[in-house]
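>
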Amino acid sequence: MSRPSSQMKTILDRLAVEDAGLPDPTLCPAHEGRKQAEAANLRWNVDLPDMERIEEVHVSGSQGDIPCRILTPKGTPRGTILFIHGGGWAFCSMATHERCARVLAIEAQATVVMCDYRLAPEHPYPAGLDDCTAVWRALAQAQAPFSTIKGPFALSGDSAGANLAMGVMLDSGPKPDCGLLFYGVYDTDFASPSYIDAAQGPGLTRDKMCRYWDWYADAAQRLAPQVAPMRASDAALMALPQLYLNAAEIDPLRSDTERLFARLSKLGRKDRFHLHGGVVHGFLQMTTVLEEARLALGSAGAAFRAFTKEPPHDQTENDD
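For reference, each letter of the sequence shown is one residue, going 1 to 320 in UniProt numbering.
1) Report yes if the CB atom of Gln109 is closer than 8 Å to the CB atom of Pro73, and no otherwise.
2) With which residues is Glu55 paired in a DSSP beta bridge?
3) Write down every uninterrupted run of the beta strand (DSSP E) in the region 188–276 whose length is 3 residues or greater and which is fully enclosed by it, in chain order.
4) Taking the alpha carbon of Phe261 as the point to measure from, which residue in Asn246, Pro252, Ala199, Pro174 has its own alpha carbon closest?
5) Looking at Lys175: is its Cβ nearer than 8 Å to the Cβ of Met166?
6) Output the boundary residues of the alpha helix (DSSP H) element that contains Ala90.
7) Is Asp24 helix, strand or coil when you go by DSSP?
8) Cutting at 7 Å between CB atoms, please list the residues of its own chain near Gly268, excluding the five before and the five after it.
9) Run through DSSP, which three-state label would Asp19 get?
10) Using only alpha-carbon positions, find the residue among Gly301, Ala39, Gly64, Leu22 that is nearest to Cys132.
11) Would you kindly check if the distance between the Cβ of Asp177 and the Cβ of Phe307 is under 8 Å?
12) Per DSSP, Ala154 forms a beta bridge with which residues?
13) What did DSSP end up calling Glu298 once you bin it into helix, strand or coil?
14) Just mark Leu253 as buried or exposed, buried being the case when its beta carbon has 16 or more other beta carbons within 10 Å.
15) With distances taken between CB atoms, is the gap from Ala217 to Tyr125 smaller than 8 Å?
16) Take Gly298 and list the residues in its own chain whose beta-carbon comes closer than 8 Å to its own, dropping the five residues that flank it on each side.
17) Quick one, which of Leu237, Tyr212, Leu223, Phe83 has its alpha-carbon nearest Ala300's?
18) Determine the DSSP secondary structure at Pro312, reduced to helix, strand or coil.
19) Residue 333 lies in the beta strand (DSSP E); which residues open and close that run?
20) Take Arg305 as the anchor and find which of Ser5, Ile196, Arg78, Lys266 has the nearest alpha-carbon.
21) Go ahead and pull the three-state DSSP assignment for Thr148.
22) Can you list, in chain order, the residues of its chain whose CB lies under 8 Å from that of Leu284, leaving out five sequence neighbours each side?
23) Would you call Ala39 buried or exposed, if buried means 16 or more other Cβ atoms sit within 10 Å of its Cβ?
24) Are the region 86–102 and the region 18–38 in contact at 8 Å, needing three or more beta carbon pairs?
25) Going by other Cβ atoms of all chains shown within 10 Å of its Cβ, with 16 needed for buried, is Pro229 buried or exposed?
26) For a test of the three-state rule: what should DSSP assign to Pro4, helix, strand or coil?
27) Using a Cβ-Cβ cut-off of 8 Å (strictly less than) and excluding sequence neighbours within five positions of Val46, which residues of its own chain qualify?
28) Looking only at its own chain, which residues have a Cβ that is under 8 Å from the Cβ of residue 370, when we skip the five neighbours before and after it?
29) When DSSP labels each residue in this structure, what does Val168 get in the three-state scheme?
30) Can you give me the Cβ contacts of Pro49 inside the same chain, cut-off strictly under 7 Å, excluding the 5 residues immediately before and after it?
31) Do Gly86 and Ala160 have their CB atoms nearer than 8 Å?
32) Comparing C-alpha positions only, which one of Ser172, His58, Asp251, Lys35 sits nearest to Gly277?
Below, the structure written as structure tokens:
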């Protein structure tokens, strides 16, 4: 297995001390694991970058109101990004991902919308996807509370959030202008090279991912493209907007992104893929202490600006 970068190792050593004695949150009752995951991720959400405006709003969903947050950066936004937080479809929130969302807003020069969708296992598939779809359709169709928000639009997310963003894009509804997807979950092959290489982490493990999947979707549901996007037809993948994909080198999910990009490339698409060397799953959260996290959001912001301004071109990046 690849070795963590020196900066990543320092962070992992810190986490080993801070989290010593804590149970695996996926082995706890969901509500207890959720509290632990929330606290663990909130440690990165300090020194939040200033925004021009922050608004707390709600979108009407099929089962009630969906809390949303609108982050508007300083200056004139050149578009809008719906960023869907990760957390195995079961953990985390707008609060745990706000810092990386604010940095993305600044780097992309775009308004960023976040939402607190319903979480598994209390609300398994399709609840979370339905909520994200409702927020996206309200945004794309300029419905309340987004009637004054302008495009071009991107759908974005990290980990399970990237899975949900892909699920929304594979829906029959309106398509965004591009997608910005970070170390996403796109398949259920637990014997892929990265699931073998990084089976024991650090951080995310193969066993944790198996439990997240068990909470989210049953065996039959996992055959659906909106649950496992690698099962989508070639035609459905060709209909997607341009994508910026990134992956962490030391991550059970790395092969998911590598295989998705390879398949898209075989279809002749012009997407972008950036493999970040020496970092682990979830590194995007660590912008206060990890340079690679800041670089990743900078690359995603540049991709958004390019996709919504310049002709498409193929770009594969690899940090050694």
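A virtual CB, placed ideally from N, CA and C, is assigned to each residue, including glycine.
Here the structure is a predicted model, which is why all the values come from computation and not from measurement.
With the structure as the only source:
1) As a working note, residue 109 is residue 109 in the sequence shown. As a working note, residue 73 is residue 73 in the sequence shown. Closer than 8 Å, so yes.
2) Residue numbering aside, residue 55 sits at position 55 when the sequence shown is read from its first letter. Looking at the DSSP assignment, Glu55 forms a beta bridge with Ile70.
3) 242–250
4) Working through the sequence shown from its first residue, we reach residue 261 at position 261. Selected option, being the one with the closest Cα: Asn246.
5) Start at 1 with the first residue of the sequence shown, and residue 175 comes out as number 175. Start at 1 with the first residue of the sequence shown, and residue 166 comes out as number 166. Taking 8 Å as the Cβ cut-off, Lys175 and Met166 do not qualify as a contacting pair.
6) Here the question's residue 90 lines up with position 90 in the sequence shown. Note, Ala90: premise wrong, no alpha helix (DSSP H); not H, not E.
7) The residue given as residue 24 occupies position 24 in the sequence shown. Three-state result, Asp24: coil.
8) Indexing the sequence shown from 1 puts residue 268 at position 268. Same-chain partners within the cutoff: there are none.
9) For this step, residue 19 is matched to residue 19 along the sequence shown. The answer is coil: DSSP assigns Asp19 none of H, G, I, E or B.
10) Along the sequence shown, one-based indexing puts residue 132 at 132. Measuring from the Cα of Cys132, the nearest candidate turns out to be Gly64.
11) In the sequence shown, residue 307 corresponds to position 307, counting from 1. In the sequence shown, residue 177 corresponds to position 177, counting from 1. At the C-beta level, Phe307 and Asp177 come within 8 Å of one another.
12) Position 154 of the sequence shown, counted from the first residue, corresponds to residue 154. DSSP, once it has assigned bridges, lists Ile81, Cys178 as partnering Ala154.
13) Translated into positions along the sequence shown, residue 298 becomes position 298. Looking at the sequence provided, one finds Gly at residue 298 rather than Glu. Gly298 falls in the helix class under three-state DSSP.
14) As a working mapping, residue 253 is identified with position 253 in the sequence shown. The residue is buried, with at least 16 neighbouring Cβ atoms inside 10 Å.
15) Within the sequence shown, the letter at position 217 stands for residue 217. Within the sequence shown, the letter at position 125 stands for residue 125. At the C-beta level, Ala217 and Tyr125 come within 8 Å of one another.
16) The count along the sequence shown starts at 1 and reaches residue 298 at position 298. Counting only residues of its own chain and dropping the five nearest sequence neighbours on each side, Gly298 has a CB closer than 8 Å to the CB of Glu107.
17) For the purposes of this step, residue 300 is taken as the residue at position 300 of the sequence shown. Nearest option by C-alpha distance: Phe83.
18) Walking along the sequence shown from the start, residue 312 turns up at place 312. Low confidence applies to Pro312: its pLDDT is 39, below 50, so where it sits in the model is not reliable, and the reading given next is rough at best. Note: Pro312 maps to coil in three-state DSSP.
19) Nothing about residue 333 can be read from this structure; the chain reaches only from 1 to 320.
20) The residue labelled residue 305 in the question sits at position 305 within the sequence shown. Nearest option by C-alpha distance: Arg78.
21) For the purposes of this step, residue 148 is identified with residue 148 of the sequence shown, where counting begins at 1. It is coil, neither helix nor strand.
22) Within the sequence shown, residue 284 is the residue found at index 284, counting from 1. Excluding positions up to five away in sequence, the list reads Cys100, Asp158, Phe182, Tyr183, Ala293, Ala296, Leu297.
23) To locate residue 39, count along the sequence shown from 1; it is residue 39. Exposure of Ala39 is indicated by the presence of fewer than 16 other C-beta atoms within 10 angstroms of its C-beta.
24) yes
25) For the purposes of this step, residue 229 is taken as the residue at position 229 of the sequence shown. Under this definition Pro229 is a buried residue.
26) Taking the sequence shown and counting its residues from 1, one reaches residue 4 at position 4. Note: Pro4 maps to coil in three-state DSSP.
27) Residue mapping note: residue 46 aligns to position 46 of the sequence shown, counting from 1. Excluding sequence neighbours, Val46 sits near Arg99, Thr288.
28) No answer is possible for residue 370: it lies beyond the span of the chain, which begins at 1 and ends at 320.
29) Residue numbering aside, residue 168 sits at position 168 when the sequence shown is read from its first letter. Val168: helix per DSSP, three-state reduction.
30) Here residue 49 refers to the residue found at position 49 of the sequence shown. The beta carbon of Pro49 is closer than 7 Å to those of Arg102, Val103, Ile106 in its chain, skipping five residues each way along the sequence.
31) The count along the sequence shown starts at 1 and reaches residue 86 at position 86. The count along the sequence shown starts at 1 and reaches residue 160 at position 160. In contact: Gly86 and Ala160 (Cβ atoms closer than 8 Å).
32) Indexing the sequence shown from 1 puts residue 277 at position 277. Looking at the Cα atoms, Asp251 is the closest of the given residues.
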